[in-house]
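Top to bottom, those sequences are chains A and B.
Taking my numbering, the leading residue of the first sequence gets 1, the next gets one more, and so forth.
Taking my numbering, the leading residue of the second sequence gets 1, the next gets one more, and so forth.
Note that beta-carbon positions come from the ideal geometry of N, C-alpha and C, so glycine has one too.
Protein chains: 2
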Amino acid sequence: MQIVPKGEKAFQIINAKGHSPIVLVCEHASNHIPASLKRLGLKPEDLERHIAYDIGAFGVARGLSKLLDAPLIAQRYSRLIYDCNRSPEQPGAMPEKSEIFAIPGNRKLSPKARMDRISQISRPFHRAIEDFLDARAAALRPTALVSIHSFTRIYHGKSRTVDLGLLCDWDTRLARGANWNFPGFSTQENQPYGPADGVMHLMNLHGATRGLHHLMIEIGNDLIENQSQQQQWAKRLAKPLKAATKALGG
Amino acid sequence: MQIVPKGEKAFQIINAKGHSPIVLVCEHASNHIPASLKRLGLKPEDLERHIAYDIGAFGVARGLSKLLDAPLIAQRYSRLIYDCNRSPEQPGAMPEKSEIFAIPGNRKLSPKARMDRISQISRPFHRAIEDFLDARAAALRPTALVSIHSFTRIYHGKSRTVDLGLLCDWDTRLARGANWNFPGFSTQENQPYGPADGVMHLMNLHGATRGLHHLMIEIGNDLIENQSQQQQWAKRLAKPLKAATKALGG
Chain A
1 MQIVPKGEKA FQIINAKGHS PIVLVCEHAS NHIPASLKRL GLKPEDLERH IAYDIGAFGV
61 ARGLSKLLDA PLIAQRYSRL IYDCNRSPEQ PGAMPEKSEI FAIPGNRKLS PKARMDRISQ
121 ISRPFHRAIE DFLDARAAAL RPTALVSIHS FTRIYHGKSR TVDLGLLCDW DTRLARGANW
181 NFPGFSTQEN QPYGPADGVM HLMNLHGATR GLHHLMIEIG NDLIENQSQQ QQWAKRLAKP
241 LKAATKALGG
Chain B
1 MQIVPKGEKA FQIINAKGHS PIVLVCEHAS NHIPASLKRL GLKPEDLERH IAYDIGAFGV
61 ARGLSKLLDA PLIAQRYSRL IYDCNRSPEQ PGAMPEKSEI FAIPGNRKLS PKARMDRISQ
121 ISRPFHRAIE DFLDARAAAL RPTALVSIHS FTRIYHGKSR TVDLGLLCDW DTRLARGANW
181 NFPGFSTQEN QPYGPADGVM HLMNLHGATR GLHHLMIEIG NDLIENQSQQ QQWAKRLAKP
241 LKAATKALGG
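Shown next as structure tokens:
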């Protein structure tokens with residue numbers, strides 16, 4: 001099945017020639033589901049929820065790309081088709097249920113249907129990141145890999161108190177290399193979830209395996225609902241990102 | 001520069017339809033250096049040394065592929081052009097010096113020359129593994145990833161006493177899931193080197209990031225110099241490999 005129309009790409013690269021040592025990634029940038037997949041059986045309003053994409057994350061990532069002069073590689077399709085922060089072996093890659101929402105269009109997918117999603121949505125995106133990082137390695141350019149995410153305030157009925165989460169696992173170089181505290185907001189490491197929850201797939205695949213400085217940033221999505229809030233958070237985050245990558249040329 | 005001739009592949013897949021849950025990998029299978037690279041400035045006899053490939057490893061891997069009915073994905077070019085068990089960021093990927101041997105043809109490579117090697121030798125091999133594992137994941141087939149290596153007995157003038165090394169880092173499921181001891185030989189975990197030496201790149205890239213059972217097997221190359229020794233070791237290793245993957249259908 002053709003999910004991504006021929007001639008189109010599953011990903012986009014913004015500011016590819018940016019001079020920053022930081023390469024930004026946004027795997028949950030979009031809630032787009034092509035007509036052929038019939039909204040995966042969901043109601044139109046469900047596609048506006050956090051289950052379909054990371055609300056506000058792409059806006060923050062674009063803002064950072066400009067402020068830092070950093071390349072940004074973003075996925076153009078909804079995480080509900082394939083969650084690019086999961087390996088194909090993880091049930092969450094093509095979830096039959098996301099949080100409390102059943103995803104009818106993901107039920108009992110055939111091997112062929114699963115492979116279509118892997119090969120059209122996930123792999124081209126990951127290979128774009130890989131090619132991009134390979135070219136920098138070949139040119140001996142230092143790289144810090146940073147992904148921008150948002151989380152929902154209420155999850156499974158429970159409220160989360162963290163505002164800014166720095167997911168880093170063992171690589172604390174960026175997370176502890178600058179001051180990430182902002183008055184009135186709570187910054188926490190490996191919250192509201194962490195490595196044990198299997199959410200660091202992209203960071204492990206592209207960051208850890210290359211020994212790159214890497215960090216996954218999670219922002220409460222109620223804080224970045226509109227463009228001006230997104231821009232404000234981009235400005236906030238640019239400062240510690242620059243400080244933490246100074247030794248790399250940031 | 002065209003290193004791999006057009007129409008040829010940097011890798012080969014043997015027994016692709018094998019029924020075993022084990023997928024074998026041999027990244028240092030070959031000492032082949034195409035004429036265009038002028039032996040990287042080395043003498044013909046240098047290409048027979050462990051610096052050019054893992055002596056005997058491909059023979060053991062082929063033997064295991066047959067005995068286990070397991071697919072085997074092998075690199076067709078020498079590790080001296082690009083070491084597929086290193087990320088492009090690691091100096092050892094295209095080493096200017098390997099053990100005590102200077103590699104003249106790897107000195108001061110241009111970004112273009114480095115990228116040629118990454119894109120022609122390393123990536124096609126890794127993407128073949130990735131595609132292969134993706135297809136198995138899509139079909140919900142369990143997989144254990146096992147790479148076959150050999151090491152040189154004398155390294156930097158020191159003799160190594162281990163005969164069989166099981167490199168596993170945190171994933172001890174295969175290494176401790178069977179009896180790997182053979183009378184008269186010394187089996188040791190994470191010897192003669194281990195994760196801290198940066199030698200688990202392929203295992204991390206394809207095994208750990210997918211949550212697959214994975215294991216890197218290292219055999220003293222003086223034990224597998226000829227075909228009959230290679231076959232003998234394949235027979236030896238088939239037993240614990242089958243036992244350790246029983247739960248996966250091995």
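Worksheet item: Is it buried or exposed for A:L166, if we count other Cβ within 10 angstroms and need 16 for buried?
Response: Around the beta carbon of A:L166, 16 or more other beta carbons lie within 10 angstroms, which makes this residue buried.
Worksheet item: Using the beta-carbon count (16 or more within 10 Å), is A:R107 buried or exposed?
Response: By the neighbour-count criterion, in which 16 or more other beta carbons inside 10 Å mark a residue as buried, A:R107 falls on the exposed side.
Discussion item. So for B:F125, helix, strand or coil by DSSP?
Written reply: In the structure shown, B:F125 sits in a helix (DSSP, three-state: H, G or I).
Fill in: Residue span of the alpha helix (DSSP H) that contains B:A63, given as start and end
The amino acid occupying residue 63 of chain B in the given sequence is Gly; Ala does not appear at that position. Where B:G63 is concerned, the enclosing alpha helix (DSSP H) stretches over A57 to L68.
Worksheet item: Expressed to the nearest angstrom, what Euclidean distance is found between the alpha-carbon atoms of A:R79 and A:A93?
Response: If I take the Cα positions, the gap works out to 8 Å.
Worksheet item: Taking Cβ positions only, does A:M115 come closer than 7 Å to chain B?
Response: At a cut-off of 7 Å between beta carbons, A:M115 contacts chain B.
Worksheet item: For the beta strand (DSSP E) that B:A243 lies in, which residues bound it at each end?
Response: It is not in any beta strand (DSSP E) - B:A243 instead sits in the alpha helix (DSSP H) that spans Q227 to A244.
Worksheet item: Counting contacts by CB-CB distance shorter than 7 Å, is B:P124 in contact with chain A?
Response: Interface with chain A (7 Å Cβ-Cβ cutoff): B:P124 is excluded.
Worksheet entry | Cutoff 7 Å: B:T209 Cβ touching any chain A Cβ | Cβ-Cβ to chain A under 7 Å: yes for B:T209.
Worksheet item: So which residues on chain B does A:H201 lean against when the C-beta distance must stay under 8 Å?
Response: By Cβ distance, chain B contributes T209.
Fill in: CA-to-CA distance, B:I118 to B:E8, given in whole angstroms
Each residue's alpha carbon lies about 16 Å from the other.
Worksheet item: Can you pull the DSSP bridge partners for B:F101?
Response: BP columns for B:F101 point to B:S98.
Worksheet entry | Nearest-angstrom Cα separation, counted from B:A234 out to B:D54 | The straight-line gap from Cα to Cα measures roughly 15 Å.
Worksheet item: Taking only beta-carbon atoms, is A:E27 less than 7 Å away from chain B?
Response: No, its Cβ sits nowhere closer than 7 Å to a Cβ of chain B.
Practice prompt. Using three-state DSSP, classify B:H213 as helix, strand or coil.
Written response: Here B:H213 carries a strand assignment [DSSP, helix/strand/coil].
Item to complete: Flag A:L205 as yes if its beta-carbon sits less than 7 Å from any beta-carbon of chain B, otherwise no.
Response: Interface annotation, A:L205: in contact with chain B, CB-CB separation under 7 Å.
Discussion item. Considering just the uninterrupted stretch of the beta strand (DSSP E) at B:A74, what are its terminal residues?
Written reply: That run of the beta strand (DSSP E) goes L72 to Q75.
Worksheet item: Along the chain, where does the alpha helix (DSSP H) that runs through B:A113 open and close?
Response: B:A113 -> alpha helix (DSSP H) spans P111 to R117.
Worksheet item: Using a beta-carbon distance below 7 Å, is A:E89 in contact with chain B?
Response: For A:E89, a Cβ of chain B is located within less than 7 Å of the residue's own Cβ.
Worksheet item: Is the beta carbon of A:M200 sitting closer than 7 Å to the one on A:D169?
Response: Yes, they are a contact pair.
Fill in: Coil, strand or helix - A:L174 by DSSP
DSSP places A:L174 in coil when its eight states are reduced to three.
Practice prompt. Say whether chain B places a C-beta atom closer than 7 Å to the C-beta of A:D169.
Written response: So, not an interface residue.
Discussion item. By the three-class DSSP mapping on this structure, what secondary structure does A:K43 have?
Written reply: Per DSSP, reduced to three states, the secondary structure at A:K43 is coil, with no helix or strand assignment.
Item to complete: Kindly indicate the opening and closing residues of the beta strand (DSSP E) around A:S147.
Response: Taken as a continuous stretch (DSSP letters only), the beta strand (DSSP E) holding A:S147 covers A144 to F151.
Worksheet item: Which residue comes first and which comes last in the beta strand (DSSP E) that contains A:C26?
Response: I22 to C26 is the extent of the beta strand (DSSP E) around A:C26.
Worksheet item: Does the beta carbon of A:G105 fall short of 6 Å from some heavy atom of the ligand COA?
Response: No copy of the ligand COA occurs in the structure displayed, which carries no ligand at all.
Discussion item. Taking its Cβ as the centre, do 16 or more other Cβ atoms sit within 10 Å of A:E218, making it buried, or is it exposed?
Written reply: With 16 or more Cβ atoms within 10 Å of its Cβ, A:E218 is classed as buried.
Worksheet item: Mind checking whether B:C26 and B:A74 have CB atoms under 7 Å apart?
Response: Going by C-beta atoms, B:C26 is nearer than 7 Å to B:A74.
Worksheet item: Would a check of beta-carbon distances place A:I121 closer than 7 Å to chain B?
Response: Not an interface residue.
Item to complete: Spatial neighbours of B:G263 within its chain, please: CB distance less than 7 Å, with the 5 preceding and 5 following residues excluded, ordered by chain position.
Response: Since the first residue of chain B shown is 1 and the last is 250, residue 263 of chain B is not available in this structure.
Practice prompt. Throw me the rounded Cβ distance for the B:F125 and B:F11 pair, which I believe falls under 8 Å.
Written response: Right, their Cβ atoms sit about 4 Å apart.
Worksheet entry | Whether B:I51 touches B:S98 by CB criterion (7 Å) | Contact: yes.
Fill in: Cβ-based burial, B:N221 [other Cβ within 10 Å; buried from 16]
By the neighbour-count rule (16 or more Cβ atoms within 10 Å), B:N221 is buried.
Fill in: Minimum Cβ-Cβ distance from B:I224 to chain A less than 7 Å
False, the Cβ-Cβ gap to chain A never drops below 7 Å.
Worksheet entry | Endpoints, the beta strand (DSSP E) within which B:G165 is located | Counting along the chain, the unbroken beta strand (DSSP E) around B:G165 starts and ends at L164 to L167.
Practice prompt. Answer with buried or exposed for A:L140, where buried requires no fewer than 16 other C-beta atoms within 10 angstroms of its C-beta.
Written response: A:L140 comes out exposed.
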